[in-house]
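Asker: Counting with the working numbering, you get residues 2 to 276 for the letters of the sequence shown.
Think of the CB as a built atom: it goes at the ideal place given N, C-alpha and C, for glycine as much as any other residue.
Everything numeric in this text was worked out from a predicted model, so none of it was measured.
Pasting in a structure now, in structure tokens, and then I'll have a few things to ask.
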Amino acid sequence: MKMFTEMGVSSRETPYEVAQDSEVVITMLPSSSHVMDVYTGTNGLLLGENDIRPALFIDSSTIDPQTTRKISLAVSNCNLKEKRDNWEKPVMLDAPVSGGVLAAEAGTLTFMVGGPEDAYLAARPILQSMGRTSIYCGGSGNGSAAKICNNLAMAVSMLGTSEALALGQSLGISASTLTEVLNTSSGRCWSSDAYNPVPGVMKGVPSSRDYNGGFASKLMAKDLNLAAASAEEVGHKSPLISKAQEIYKKMCEEGHETKDFSCVFRHFYNGKDEV
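Structure below.
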């Protein structure tokens with residue numbers, strides 16, 4: 002808050018005070034418990050539910066769909082201080098993002114959005130000011146579901162890419178050469194061509210700065226836990242979730258929880274830096 006205040010941005014002490022002075026509120030928090038607290042806790046955004054100002058809430062946190070739907074219902078049960086357009090009740094969209102720190106800095110995030118479609122259409126200019134793409138995924142909670150599935154695929158592809166590159170090194174092929182092969186062949190993926198996990202292969206990614214400043218391993222572990230819980234709830238067989246969970250749990254237990262999730266190349270597969 003101090004940093005933004007010094008930049009000239011207005012700040013408030015509590016979520017409730019933010020809501021009192023806002024027509025649209027955007028939240029992005031680490032976990033379901035944080036989101037619940039900010040919306041429904043002491044001095045939360047929905048305090049004084051019979052008289053709130055914001056007509057639109059956009060939550061870009063990565064949390065489970067069940068919590069998203071619970072908070073969305075709490076928002077819709079509130080009353081607006083002032084009616085706006087055709088909205089008689091406030092609305093919440095779940096709009097988690099993909100792209101990581103690099104896309105956030107460049108303004109090229111992808112938003113996966115769940116909630117009423119008319120609210121999505123109203124919010125699209127706001128989303129486009131922060132990202133390049135927004136995709137409407139359906140009803141409340143569907144944006145959260147899409148993000149969980151996306152991060153599962155991202156975790157598994159990073160593990161596969163790291164395993165292949167580390168194996169290649171052991172077999173005598175440099176990571177740069179194997180990366181060139183992958184990126185012009187069927188093994189190409191985001192983890193190989195945009196977020197390569199081998200230090201020295203690609204500039205501007207976390208592996209080039211000792212795995213700092215990216216998507217923390219502890220957050221990937223959290224997202225895999227969300228995926229596992231969601232899979233269990235619907236009775237879906239997901240063996241790769243379990244294996245990825247096991248690996249990222251180990252990363253965290255060994256002290257790498259704040260390092261970017263691509264650090265599995267070094268700390269799990271014992272891969273070597275590119276010289």
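Per the contact definition of three or more C-beta pairs closer than 8 Å, is the segment 98–112 in contact with the segment 71–84?
Answerer: Counting Cβ pairs under 8 Å, fewer than three are found: no touch.
Asker: What residue does the alpha helix (DSSP H) around TYR17 start on, and which one ends it?
Answerer: Run containing TYR17: 16–21, per the alpha helix (DSSP H) assignment.
Asker: In or out: SER25 buried (at least 16 other Cβ within 10 Å) or exposed?
Answerer: The sequence as given places Val at residue 25; Ser does not occur at that position. The residue in question, VAL25, is exposed, as its Cβ has fewer than 16 Cβ neighbours within 10 Å.
Asker: So what's SER34 in DSSP terms, helix, strand or just coil?
Answerer: Here SER34 sits in helix by DSSP.
Asker: Hey, which unbroken runs of the beta strand (DSSP E) at 3 residues or more fall wholly within the segment 60–144?
Answerer: List check, beta strand (DSSP E) in window: 92–95, 110–115 and 132–139.
Asker: For the beta strand (DSSP E) containing ILE27, list its first residue and its last residue.
Answerer: It spans 25–28 - the beta strand (DSSP E) in which ILE27 sits, taken as one unbroken run.
Asker: Three-state secondary structure (DSSP) at GLU174?
Answerer: A quick correction: the sequence has Ile, not Glu, at residue 174. Note: ILE174 maps to coil in three-state DSSP.
Asker: Would DSSP call LEU168 helix, strand or coil?
Answerer: Helix.
Asker: Nearest CA to the CA of ASP60: which residue from MET2, LEU30 and LEU241?
Answerer: When each option's Cα is compared against that of ASP60, the closest is LEU30.
Asker: When you compare only the Cα positions, how much space is there between SER12 and ASN213?
Answerer: Between SER12 and ASN213, the C-alpha separation is close to 28 Å.
Asker: Which of the three DSSP states, helix, strand or coil, is assigned to LEU57?
Answerer: LEU57 falls in the strand class under three-state DSSP.
Asker: Let me check understanding here. Comparing Cα to Cα, which of CYS79, ALA96 and ASP95 lies closest to TRP88?
Answerer: Checked all of CYS79, ALA96 and ASP95; the closest Cα to TRP88 is CYS79.
Asker: For the alpha helix (DSSP H) that contains CYS253, what are its first and last residues?
Answerer: It spans 240–254 - the alpha helix (DSSP H) in which CYS253 sits, taken as one unbroken run.
Asker: Measuring only the C-alpha atoms, how far is VAL36 from VAL182?
Answerer: Roughly 43 Å separates the two Cα atoms.
Asker: On the premise that TYR270 lies in contact with SER163, defined as a C-beta separation below 8 Å, what is that separation, rounded to the nearest angstrom?
Answerer: Contact flag correct, Cβ pair sits at about 5 Å.
Asker: Whole angstroms is fine: what's the gap from SER177's alpha carbon to SER158's?
Answerer: If I take the Cα positions, the gap works out to 18 Å.
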